[in-house]
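Participant: First residue of the sequence shown? That's 1 in UniProt numbering, and the numbers climb one at a time after it.
The C-beta atom is built at its ideal place from N, Cα and C for all residues, glycine as well.
Questions regarding the structure given below will be posed in turn.
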Amino acid sequence: MPNSTRLDIQRRRLYALKRAPALRHTSNTILLQLLDKGVEVSWEKDTVLCEEGQEPAGFFLLLDGELDVRRGGEPLLTLRPDTPLGVEALLGGRCTVTARAVSASTGLFFPYDKVWDLVHAHAGLRQDLGHVELGAPRREDLLEYAEVVAFESDLRDAPLSTLIELAAKSITHDFGDRVLLLRSAAGGEGTVSRGADGVFRATMPEPAPGAPARVEAERLHRLAREHGVHYIFLDGCAVDAALLGKTVRLVPGPAHARPPLTPGYRVLPTVVIDPGLPPRGAVLSGQPQEAGTAVDTRVLPACWLRVGLKRLARLTVDDRPLDAVELTDAELDALARWARALTHRRVGLALSGGGVWGFYHVYILRWLVGRGVPIDFVSGASMGSLVGAYFCGSALDGRSGLEGLLRLEERAVNRQLSLAAAAAMVTSYSLERFVEKDLGDTSLEELSIRFLPVATDLTSGDCVALERGPVALGVRASGSAPGVFAPTVVGAARYVDGAFTSMVPANVLLSAGADIIFSSNIFPFGVRPTAHAHRTMLGRFLSGLNPMARALDLVASGVLLLHRSGDAESLLADVGYDIQSAELPLRTAMDFTRARDILDRAEADGALAAKLEELRQHWCLLKTRAGSGKPRSGGRQAA
1 MPNSTRLDIQ RRRLYALKRA PALRHTSNTI LLQLLDKGVE VSWEKDTVLC EEGQEPAGFF
61 LLLDGELDVR RGGEPLLTLR PDTPLGVEAL LGGRCTVTAR AVSASTGLFF PYDKVWDLVH
121 AHAGLRQDLG HVELGAPRRE DLLEYAEVVA FESDLRDAPL STLIELAAKS ITHDFGDRVL
181 LLRSAAGGEG TVSRGADGVF RATMPEPAPG APARVEAERL HRLAREHGVH YIFLDGCAVD
241 AALLGKTVRL VPGPAHARPP LTPGYRVLPT VVIDPGLPPR GAVLSGQPQE AGTAVDTRVL
301 PACWLRVGLK RLARLTVDDR PLDAVELTDA ELDALARWAR ALTHRRVGLA LSGGGVWGFY
361 HVYILRWLVG RGVPIDFVSG ASMGSLVGAY FCGSALDGRS GLEGLLRLEE RAVNRQLSLA
421 AAAAMVTSYS LERFVEKDLG DTSLEELSIR FLPVATDLTS GDCVALERGP VALGVRASGS
481 APGVFAPTVV GAARYVDGAF TSMVPANVLL SAGADIIFSS NIFPFGVRPT AHAHRTMLGR
541 FLSGLNPMAR ALDLVASGVL LLHRSGDAES LLADVGYDIQ SAELPLRTAM DFTRARDILD
601 RAEADGALAA KLEELRQHWC LLKTRAGSGK PRSGGRQAA
């Protein structure tokens, strides 16, 4: 399938770029845009790609072949495929090594000018590269630019100016980034002042009554340089399309999450969800992963903003700090999520299947919430979907989601989950009813944390990331283990367990817009005991005929296959945890009364603790990459 091939190639190249130290903590969203700048090239044997001491024309990503890399004429290393070369040299202004093709090779070439165009357009990328040792002229060049963000609304009577103010406050408060808010106003003087909330503001003079003030590139660069801002938000002002980093467009619902493009700029759709009128009633459906094309970086993955616009329209917003504005916990949580989307700092978790072993996921979610690591996306297969549903379905309107996880734990220990699983052998409706009893008729489209359960559609062979419809029905479809539980039939689709096509659905999160991805493969594989060595040929023959031994071989092989497929998908994650073998994991998996035993095992797992700490450090680096202020919390709520 050509589209699937293109998607796989894009993902492989994305994670190859992260091998460059300067890009290690750059968000996935920005790296995908950097990939668009690459040009496919080939080199004959003995071609010199770059020479030590010379000014670089760009940097490279080796795709096939080998490169001999030398410094001072001495061999330094042999470069293998999927390795970047020259990123630091591009920033420093001089090549530090000489690279020569050992054999006919192919790669991507990223020209100097195109890379720096992207650097200038994205504050996050400038902040990442600002940690690299640069010469004074190059560092000054970085400081001259800020990411310019325009705002539009497809909603009537939306308080756009209020929302822009709140977005600027949230970014400043949560991350310490410096934001300049430019407004068009009659008699505006263009003088910049800094409010008590840390946001810089200036009013630009209107050329005519009601007309937007037009800001020239030279003035934007001067303002960025003088005040050291990372972002310039436009409220009623206009600039040339070439200067825009992106346009944020408010859209009225999930059906508009992929709006048509306006030529000349990227758009970040912001889906506004009214908590009082949540979108419900949609048929269960989603995006087939195998049929998807490579991610289109012109329309950025949408952000969900769960707020009541009528209340915000009545709110008085001035230059007071964010904590002094009369906002509810739900509104603060929604604004924190929007701030992470605007600045490319969204975090996603991919949760595997595994029966009761899924309580490892419960421990992981509790750990992250307790340490203030935000969660913007959860994708899950089978048991991972059940855990994700209870977390995301109860993390509404400023709540942490921990209440839902506790409820799931109690129902598992009290055998209610085991009874629902047993009844699913007759009809998987029992799983749907189990979830619906606790989460009601909540829909996937209304959740604050994007929840994407995956299921396998046997009528097409696709792995489907479910995006619309009831949460309970989505969990039912994702957990319908074939041969054990009844399938979930929705229209023409015949859904079975998502683990059979995506055990650890990390790839789903990339398309959804996650900038950091953590994968959790918690279904342990079982190993068979060493076979008894029969001395006679007849004994070996009869041993091979043993039907019980064959059945156990089949079970062990199936579990190992699921686990290894999860390992392969976990390679797409920035940080991944992989549980090791356990005795009789499949039999243990169906004993949900052991939920607390699994939680205790997860707490004592040193390998898991190390991976969680690695994720927390990764988040902290992404959160504080500006280095220009002292960010406080990542929002009112950790999740």
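(1) Closer than 8 Å is the cut-off here; do at least three beta carbon pairs connect the region 181-199 with the region 232-241?
(2) Can you name the start and end residues of the alpha helix (DSSP H) that M383 belongs to?
(3) Quick one: residues in its chain with C-beta nearer than 6 Å to the C-beta of F110, no 5 flanking neighbours on either side, listed in chain order?
(4) Helix, strand or coil: how does DSSP classify E152 here?
(5) Kindly provide the ranges of any alpha helix (DSSP H) runs that are 4 or more residues long and lie completely inside the region 264-352, ordered along the chain.
(6) When you compare the CB positions of A282 and V271, do they come within less than 8 Å of one another, or not?
(7) Cα-Cα, which of E88, G440, T247, K246 is closest to R19?
(8) With a 10 Å radius around its C-beta and 16 neighbouring C-beta atoms as the bar for buried, classify Q580 as buried or exposed.
(9) Taking all protein chains shown into account, do 16 or more other C-beta atoms lie within 10 angstroms of the C-beta of E216, making it buried, or fewer, making it exposed?
(10) Counting along the chain, where does the alpha helix (DSSP H) carrying A423 start and finish?
(11) Taking 8 Å as the cut-off, decide whether the C-beta atoms of V398 and D497 are in contact.
(12) Can you find at least 3 beta carbon pairs, one from the region 308-325 and one from the region 485-503, that sit closer than 8 Å?
(13) Determine the DSSP secondary structure at H131, reduced to helix, strand or coil.
(14) With contact counted as at least three CB pairs below 8 Å, one residue from each stretch, are the region 97-113 and the region 38-53 in contact?
(15) Indicate the three-state DSSP secondary structure (helix, strand or coil) for Y429 in the structure shown.
(16) Does DSSP put V490 in a helix, a strand or coil?
(17) Taking only the alpha-carbon atoms, compute the straight-line gap between D441 and A395 and give it to the nearest angstrom.
(18) Just grab the DSSP bridge partners of S570 for me.
(19) Going by DSSP in three states, C95 sits in which element: helix, strand or coil?
(20) Just the Cα atoms here: how many angstroms apart are S27 and S379?
(21) Using 7 Å as the cut-off, classify the Cβ of A99 as near or not near the heavy atoms of the ligand COA, replying yes or no.
(22) Answer yes if the region 151-167 comes into contact with the region 211-230, meaning at least three C-beta pairs across the two stretches below 8 Å, and no otherwise.
(23) I need the straight-line Cα distance from L417 to F434, nearest angstrom please.
(24) So, for H25: in the same chain, excluding its five sequence neighbours on each side, which residues have a beta-carbon less than 8 Å away from its beta-carbon?
(25) Using 10 angstroms around the beta-carbon of N414, count the other beta-carbons present and answer buried if the total reaches 16, otherwise exposed.
(26) Could you give the DSSP three-state label for V496: helix, strand or coil?
(27) Check A638 in the structure and name its three-state DSSP category.
(28) Could you give the DSSP three-state label for G440: helix, strand or coil?
(29) If you measure between the beta carbons of V508 and N521, is that distance less than 8 Å?
(30) Could you tell me whether the Cβ of L571 comes closer than 8 Å to any Cβ of chain B?
(31) Considering W43, what are the terminal residues of the beta strand (DSSP E) in which it resides?
(32) For L108 versus P81, is the C-beta distance shorter than 8 Å?
(33) By alpha-carbon positions, which one of R494, V387, A381 ends up nearest to L454?
(34) Quick check on Q33: buried or exposed, where buried means 16 or more other Cβ atoms within 10 Å of its Cβ?
(35) What residue range does the alpha helix (DSSP H) around S161 cover?
(36) Counting C-beta neighbours from all protein chains within 10 Å, is the total for H131 16 or more, i.e. buried, or is it exposed?
Facilitator: Walking through what the data contain:
(1) Taking 8 Å as the limit for Cβ pairs, the verdict is that the region 232-241 does touch the region 181-199.
(2) Reading the sequence shown from its first residue, position 383 is the one you call residue 383. The continuous alpha helix (DSSP H) containing M383 extends over residues 383-394.
(3) As a first step, residue 110 is located in the sequence shown; it is residue number 110 there, counting from the start. Short of 6 Å from the beta carbon of F110, and not among the five residues preceding or following it, lie these beta carbons of its own chain, in chain order: K37, G38, G58, F59.
(4) Locating residue 152 in the sequence shown gives position 152, counting from the first residue. Note: E152 maps to strand in three-state DSSP.
(5) Segments of the alpha helix (DSSP H) lying fully in the region 264-352: 309-313, 329-342.
(6) Translated into the one-based positions of the sequence shown, residue 282 becomes position 282. Translated into the one-based positions of the sequence shown, residue 271 becomes position 271. Result no, Cβ atoms of A282 and V271 do not sit closer than 8 Å.
(7) Residue numbering aside, residue 19 sits at position 19 when the sequence shown is read from its first letter. Among E88, G440, T247, K246, the Cα nearest to that of R19 is on E88.
(8) Within the sequence shown, numbered from 1, the residue matching residue 580 stands at position 580. By the 10 Å Cβ count, Q580 comes out exposed.
(9) Position 216 of the sequence shown, counted from the start, is the residue given in the question as residue 216. E216 sits exposed, since fewer than 16 C-beta atoms from the chains shown fall within 10 Å of its C-beta.
(10) Here residue 423 refers to the residue found at position 423 of the sequence shown. 416-423 is the extent of the alpha helix (DSSP H) around A423.
(11) For the purposes of this step, residue 398 is taken as the residue at position 398 of the sequence shown. For the purposes of this step, residue 497 is taken as the residue at position 497 of the sequence shown. The question names Val, but residue 398 is Gly in the sequence shown. No, they are not a contact pair.
(12) Between the region 308-325 and the region 485-503 there are fewer than three inter-stretch CB-CB distances shorter than 8 Å, so the stretches are not counted as touching.
(13) If you number the sequence shown from 1, residue 131 lands on position 131. Note on H131: pLDDT 48, under 50, position unreliable in the model; the coordinate value appears next. The DSSP-derived three-state label of H131 is coil.
(14) Result yes; three or more Cβ-Cβ pairs closer than 8 Å.
(15) Residue 429 sits at position 429 when you count from the first residue of the sequence shown. In the structure shown, Y429 falls within a helical segment according to DSSP collapsed to helix, strand and coil.
(16) Numbered from its first residue, the sequence shown carries residue 490 at position 490. For V490, the secondary structure class from DSSP, reduced to helix, strand or coil, is strand.
(17) Locating residue 441 in the sequence shown gives position 441, counting from the first residue. Locating residue 395 in the sequence shown gives position 395, counting from the first residue. Spanning the alpha carbons of D441 and A395 requires a straight line of approximately 15 Å.
(18) Working through the sequence shown from its first residue, we reach residue 570 at position 570. Bridge partners of S570: none, in fact.
(19) Here residue 95 refers to the residue found at position 95 when the sequence shown is read from its first residue. Coil at C95, not helix or strand.
(20) As a first step, residue 27 is located in the sequence shown; it is residue number 27 there, counting from the start. As a first step, residue 379 is located in the sequence shown; it is residue number 379 there, counting from the start. Taking the Cα positions, S27 is about 18 Å away from S379.
(21) Among the ligands in the structure shown, none appear at all, so the ligand COA cannot be discussed.
(22) No, because fewer than three Cβ pairs between the region 211-230 and the region 151-167 fall closer than 8 Å, the two stretches do not touch.
(23) Residue numbering aside, residue 417 sits at position 417 when the sequence shown is read from its first letter. Residue numbering aside, residue 434 sits at position 434 when the sequence shown is read from its first letter. Going from the Cα of L417 to the Cα of F434 covers about 8 Å.
(24) Taking the sequence shown and counting its residues from 1, the one referred to as residue 25 is at position 25. Around H25, the same chain offers D128, H618, L621, L622, R625 as residues with beta carbons nearer than 8 Å, after the five sequence neighbours per side are excluded.
(25) Your numbering for residue 414 matches position 414 in the sequence shown. So N414 ends up on the exposed side.
(26) Within the sequence shown, residue 496 is the residue found at index 496, counting from 1. In the structure shown, the three-state DSSP call for V496 is strand.
(27) Walking along the sequence shown from the start, residue 638 turns up at place 638. At A638, the pLDDT of 41 sits below 50, so the modelled position is not reliable; the number obtained from the coordinates is stated separately. In the structure shown, A638 sits in coil (DSSP, three-state: anything other than H, G, I, E or B).
(28) The residue labelled residue 440 in the question sits at position 440 within the sequence shown. In this structure, DSSP gives G440 a state outside helix and strand, which the three-state scheme calls coil.
(29) Looking up residue 508 in the sequence shown gives position 508. Looking up residue 521 in the sequence shown gives position 521. Annotated as distal: V508 and N521, with beta-carbon spacing of 8 Å or more.
(30) Within the model displayed, chain B is absent; a lone protein chain is all it includes.
(31) The residue you call residue 43 lines up with position 43 of the sequence shown. Here the beta strand (DSSP E) through W43 covers 39-43.
(32) Residue numbering aside, residue 108 sits at position 108 when the sequence shown is read from its first letter. Residue numbering aside, residue 81 sits at position 81 when the sequence shown is read from its first letter. In this structure, the beta-carbon distance from L108 to P81 does not fall below 8 Å.
(33) In the sequence shown, counting from the first residue as 1, residue 454 sits at position 454. Before going on, a small fix: residue 454 reads as Val here, not Leu. Ranked by how close their Cα comes to the Cα of V454, the residues R494, V387, A381 have A381 in first place.
(34) Counting from one through the sequence shown, the residue named residue 33 turns up at place 33. Q33 is classed as buried because its beta carbon has at least 16 other beta carbons within 10 Å across all chains shown.
(35) Start at 1 with the first residue of the sequence shown, and residue 161 comes out as number 161. Residues 160-175.
(36) As a first step, residue 131 must be located in the sequence shown, where it is residue number 131. For H131, the predicted structure reports a pLDDT of 48, less than 50, and the residue's modelled location is therefore unreliable. The matter cannot be settled from this model.
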